[in-house]
Structures are given as C-alpha cells and as structure tokens.
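**Student:**
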Amino acid sequence: MKTINIKIANANITIAIEDEIAPLIREYVFKYHSRYTNKKDEPKYIIQKECDKYVITKNNRVVNRNRKISNIVYDIETKIINEFLTKNKDKLIIHSACLIKDGKAHLFAGPAKSGKTTLSIFLANHDYLFAGDEFVMIDLKKKRIYPVVRNIILKPRINNDIIEMFNLPDDKLLKVSGYIYLDPSYFGKIAKIKFYPIEKIFFIDTFYETRTKKPGAVDIFNNFIEVVYNPYNIRRRLLESINDLLTLAEYRLMKFKHPFFLNDEEEATLFKNLE
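Residue numbers (my numbering): 1206 to 1480.
Dropping the structure here:
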C-alpha cells in the first residue's frame, strides 16, 4: 500500500491506496495538493481491490464498492471536496475559475454551464496561470483567495473540440461516462498553491458576443448567492460581511462568446474586457 496526503488549506486527508492504482488516483485526484508520505498515521480512507471490484473504506467502514476505477476516482474526489468544505466553514467557497496574473487572482464565477472551464483553459493558454476551474476559497477579511486546483473535467459537449484543438494524447485521458479528466498542465502553467490577493471578480455567462458592465451592490450580492458552494448559514454570514464583500475586489458582469471560435477582432475584444 502507498499513502498519499492531500492538503487543501486546513483540510488534511490521508489515503492508503493499493500500489497498482496509487499513481492513477494521485494523478487524477488533486495532484497539485498531494504528496506521497511515509508517515504511519491511520489513513482516513483506504482504496483497495477485492476480487473484481474496487473498494473505498472510510474509518474502516465500506463506503463504495465498484468495478470501474473511473467511478472510484469520481467518488473519492467528491469525498475530499466534502472534507474540504467541512474544515473550512468559516471561509466563503464559491463556484469559480481562478487565474493568476501578475501575482493577483482573477476570479470567473458562475453556475454550471456558464463557461468557467472553457474560459480558464483559454486564458491558461495565454499569459495567465491556472489556479482552478471549479472552486475557490475566499478569505473575506484578508481579501485573498486560496486556489483549489483539481483536474479539468471536459464535458461531452466540448471535449472533442478541446481534444482536437490541443492534440491531446488519447491514452492519457481518463473517461467517466462521456466526461474526460485531464491534467490542466496540458493547457498552460499551474499557479503555486498559496494565498493570493484578489484583483478582479467577473460573474460570467456565455453569450453571442463579449461585453461587460459594472454591477451594483444588489447585483454583487445576488451573484454571490448564486455561486456560493458551502451552505453553512451562508446568507446570514454574507449579510453580516456585506461591507467586506462589496470592497473585496473590482467587479464585472461579463457575457462572452466561446473563446475558441473567435476571430482576431473578437479575441481582442475579449482581452479588452478583461482589463
């Protein structure tokens, strides 16, 4: 058995994994937050093979048994996210892509299908550092973020375009029910895992053209409510922190056209709107 320690902010999870599948689990589950360790601490999770099935145990209790390793990967990732949320109830965790430019964080927040992954791939392929495409943790008081860098998950409706555009190696793609798990380093450089000051927050959605506008206080609050991930008394806490929220960063509401199908003029417009 190999032991992996995964640390996301103050969430610290130890997983013991059968040697045969340990590299696969580490590669596809928070690779940039994990390391192999020789510590003899009792692991919280154990992943091993029994006959023709893979088994996850948590604190010595079976919590999943499945024939497909891809489903085990998906399940352990979900469990780690829940551990992260539980350990960070005092922080604001939102659905947002995070890109780093000149040492400062630019957040692109939005619900499912708002274009977070597509936009983060595009920007990482330019002069931004990738710091996650799904979650980010915000410390409101100190006006800073902590990135959560997981593998990019390509949805069926975009994966063929991305695979062809970046000439991705088919033998390196982990496929789960039509979705593809992929190391974000295929698209650009990865930001160091540390706290970053926030410069801009964009609330995003896809559209037939790219345009931005400054939101009012009500817009900012309503958009945060839509993208907040951790539900722990969050509305009350956001109201209590409304001044911190409004002064957190420079805000924009942004609608944008799919960035991989832009002509030169449209691409220039997109970058102009990011300034």
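Glycine included, each C-beta is placed from N, C-alpha and C at the ideal position.
1) Does DSSP classify residue 1434 as helix, strand or coil?
2) Do residue 1352 and residue 1337 have their beta-carbon atoms positioned less than 8 Å apart in this structure?
3) So, do the stretch 1323-1336 and the stretch 1278-1286 have three or more beta carbon pairs nearer to each other than 8 Å?
4) Taking the beta strand (DSSP E) that residue 1290 falls in, what are its first and last residues?
5) I'd like to know if the stretch 1287-1307 and the stretch 1328-1342 are in contact, where contact means that at least 3 CB-CB pairs between them fall below 8 Å.
6) In three-state terms, what does DSSP make of residue 1448?
7) Using 8 Å as the threshold, is the C-beta distance between residue 1425 and residue 1238 below it?
8) Counting only the same chain and skipping the five closest in sequence on each side, list residues whose C-beta sits under 7 Å from that of residue 1422.
9) Determine the direct distance from the alpha carbon of residue 1222 to that of residue 1251, and round the result to whole angstroms.
10) How would you label residue 1206, buried or exposed, when you count the other beta carbons within 10 angstroms and need 16 or more for buried?
11) To which residues does DSSP link residue 1402 through a beta bridge?
12) Do residue 1319 and residue 1410 have their CB atoms nearer than 8 Å?
13) Using C-beta distances below 6 Å, list every residue in its chain close to residue 1249, excluding the 5 sequence neighbours before and after it, in chain order.
14) Between the stretch 1228-1237 and the stretch 1254-1261, are three or more C-beta pairs nearer than 8 Å?
15) Checking the sheet assignment: what are the DSSP bridge partners for residue 1212?
**Tutor:** So, to answer that:
1) coil
2) yes
3) no
4) Segment 1274-1292 is the alpha helix (DSSP H) holding residue 1290; no beta strand (DSSP E) there.
5) yes
6) helix
7) no
8) 1451
9) 6 Å
10) exposed
11) 1349
12) yes
13) 1218, 1219
14) no
15) 1217
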